[in-house]
Structure formats: structure tokens, C-alpha cells
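Asker: First the structure, then my questions, so here it is.
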Ligand SMILES: [Zn+2]
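Residue numbers (this note's numbering): 27 to 277.
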């Protein structure tokens with residue numbers, strides 16, 4: 027039975043059937059919702075991402091204080107019953123995720139002219155994911171070198187390995203910052219996906235020299251967060267060298 031208690035209109039939750047979290051529409055009873063455009067995401071947003079995006083999100087009936095980590099006894103009093111409310115948001119791992127943030131140290135002291143691009147790339151990743159934080163320092167988990175070959179990366183563990191910022195690519199016009207975020211993406215466990223789409227960071231050189239986008243897309247960010255939450259094994263082969271040469275490059 028639907029019980030509606032008359033309250034000032036501004037207090038009523040805007041919709042009883044779904045919770046808008048960022049670009050996701052969470053359906054009650056389902057962890058994985060769909061994008062606002064109706065398509066389903068490859069992956070659910072991380073708990074931290076969902077929480078951050080939920081804040082200030084127009085149409086969200088879930089106030090920030092309603093964290094599932096609040097036990098019922100710790101709440102001052104339950105909210106008045108109005109419309110049937112959706113289940114608690116899927117942020118159960120919120121505090122766990124924050125506590126599990128892994129610090130990965132990198133050494134870009136031998137990255138020559140690419141050093142600032144590497145630092146910017148690290149900042150982009152820090153702004154994009156919640157479960158890992160890149161910090162310049164030692165002992166380094168991964169090192170970034172400059173040489174005259176193609177850009178490439180050798181992940182040897184979660185957040186560990188070597189990146190080579192090859193001048194062969196920048197010499198042909200590929201953007202150094204996109205190269206740096208892409209190669210660090212390998213170190214963070216992402217494989218190449220040569221889709222040709224500039225919106226995909228891991229499409230690498232397949233997006234062409236005109237693509238300068240250095241930002242990981244939603245699925246790429248979520249995959250890194252899952253890797254560092256220990257939820258999924260990385261999709262890269264540890265020890266393998268991922269060479270980012272264009273398909274038509276001479277061997
Ligand atoms: Zn690559």
C-alpha cells in the first residue's frame with residue numbers, strides 16, 4: 027500500500043523508483059543500474075565514485091548522511107515515512123575502499139623531457155580513481171625512463187613495473203601526456219584495447235595522432251579501482267612488455 031504523508035513539496039524525494047548516481051541510475055534491489063541514456067555500463071561505479079557523484083546530484087533522494095555504515099542505533103531517529111523509499115545505496119564498501127587506498131611510488135627522475143608529463147599523468151590518475159594514489163618518491167614501485175624506441179610498459183605487479191616514454195611516438199606527433207597516462211594505465215593493470223576511439227585512453231595510438239585525450243574513461247577508471255580493491259585480477263600479464271607502436275609501424 028502506498029502511504030503518502032503530506033509534507034512541503036521540497037521535502038519529498040523526487041522519485042521513488044530509482045536513485046540517480048552520477049551517470050548511473052540505480053534501480054532498487056539492483057547494484058548495477060544503467061546509464062541515464064539507457065545503456066548499461068560495463069561495470070558499476072566504484073563505491074567511492076558513486077558516493078562522490080551522488081553528492082549534489084540533482085534528483086538523488088539519498089542524502090549524504092544516509093551511509094549504510096550508520097547502524098540503525100547510531101542514527102538520531104529514522105526519517106519520517108513518506109513515499110516508498112529505495113534501498114540503501116550501494117556504497118557498503120565506501121569506508122573499506124578508503125581504508126584500502128594503495129600508495130604507489132614512481133620515479134620519473136630519468137624521464138628526461140617527459141618528466142612533467144609523467145607528473146601530470148599521475149595527477150590525472152589520482153583525480154580519476156579512489157583506490158590507488160600515485161606519489162613521486164622512493165623506493166619506487168615503478169620507474170619511468172626516456173628512450174628512442176616506441177612507448178611501452180612492463181607491469182610486473184599491481185602498480186609495479188617500468189615505463190619507457192619512447193621518442194619514436196612523440197616524434198611522429200603523438201601527445202606525450204596521453205602516452206604517459208596510457209603507459210601508467212598498463213602499470214595499473216589495464217591492457218591495450220585498440221578501439222580507435224579517442225575517448226578510450228587504452229586505445230593508445232589506434233586513435234591517431236590527432237587524439238590528445240589523456241583521461242581514462244569510466245570503465246577504465248572502474249577497472250583500476252577494482253584491481254586495487256582486489257576485486258578482480260588485473261587483465262595484464264605481469265612481465266609482458268606492452269609496446270605501443272602504431273599498427274603500420276615498421277618493426
Ligand atoms: Zn599500450
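C-beta: ideal position from N, C-alpha, C; glycine also. These figures come from a predicted structure and were not determined experimentally.
Please report the distance separating the alpha-carbon of residue 232 from that of residue 216.
Answerer: Those two C-alpha atoms are separated by around 16 Å.
Asker: In the DSSP assignment, find the unbroken beta strand (DSSP E) run with residue 190 in it and report its ends.
Answerer: Taken as a continuous stretch (DSSP letters only), the beta strand (DSSP E) holding residue 190 covers 186-192.
Asker: With residue 202 as the anchor, note down where its alpha helix (DSSP H) starts and where it stops.
Answerer: It spans 202-213 - the alpha helix (DSSP H) in which residue 202 sits, taken as one unbroken run.
Asker: Residue 173 bridges to which residues according to DSSP?
Answerer: Answer is 192, bridged to residue 173.
Asker: Does the structure place the segment 172-188 close enough to the segment 221-229 that three or more beta carbon pairs sit under 8 Å?
Answerer: With a cut-off of 8 Å, the segment 172-188 and the segment 221-229 do not count as touching, because too few Cβ pairs lie within range.
Asker: Who are the near neighbours of residue 136 in its chain, counting only those whose CB is closer than 8 Å to its CB and skipping five residues on each side?
Answerer: Within the same chain, residue 136 has close Cβ partners 169, 170, 171 and 172.
Asker: Sorry if obvious, but does the Cβ on residue 228 come closer than 8 Å to a heavy atom of ligand 3?
Answerer: Although ligand 3 was asked about, the structure shown includes only ligand 1 as ligands.
Asker: Run through DSSP, which three-state label would residue 168 get?
Answerer: Looking at residue 168 - three-state DSSP - the assignment turns out to be strand.
Asker: Compute the Euclidean distance between the alpha carbons of residue 283 and residue 142, then round it to the nearest angstrom.
Answerer: Within the shown structure, residues of the chain are numbered from 27 to 277, placing residue 283 beyond reach of any answer.
Asker: Between which two residues does the alpha helix (DSSP H) carrying residue 141 extend?
Answerer: Looking at the DSSP string, the run of the alpha helix (DSSP H) that includes residue 141 is 141-154.
Asker: Is it buried or exposed for residue 150, if we count other Cβ within 10 angstroms and need 16 for buried?
Answerer: With 16 or more Cβ atoms within 10 Å of its Cβ, residue 150 is classed as buried.
Asker: Is it buried or exposed, residue 238, if we count other Cβ atoms within 10 angstroms and call 16 or more buried?
Answerer: Residue 238 is exposed by the Cβ-count criterion.
Asker: Would you mind sorting residue 240 into buried or exposed? The rule is 16 or more other CB atoms within 10 Å of its CB.
Answerer: Buried, because 16 or more other Cβ atoms sit within 10 Å of the Cβ of residue 240.
Asker: For residue 235, count neighbouring Cβ atoms within 10 angstroms of its own Cβ and tell me buried if that reaches 16, exposed if not.
Answerer: So residue 235 counts as exposed.
Asker: Whose CA, out of 155, 218, 195 and 144, lies closest to the CA of residue 126?
Answerer: Closest by alpha carbon: 155.
Asker: How long is the line joining the alpha carbons of residue 199 and residue 188, rounded to whole angstroms?
Answerer: If I take the Cα positions, the gap works out to 23 Å.
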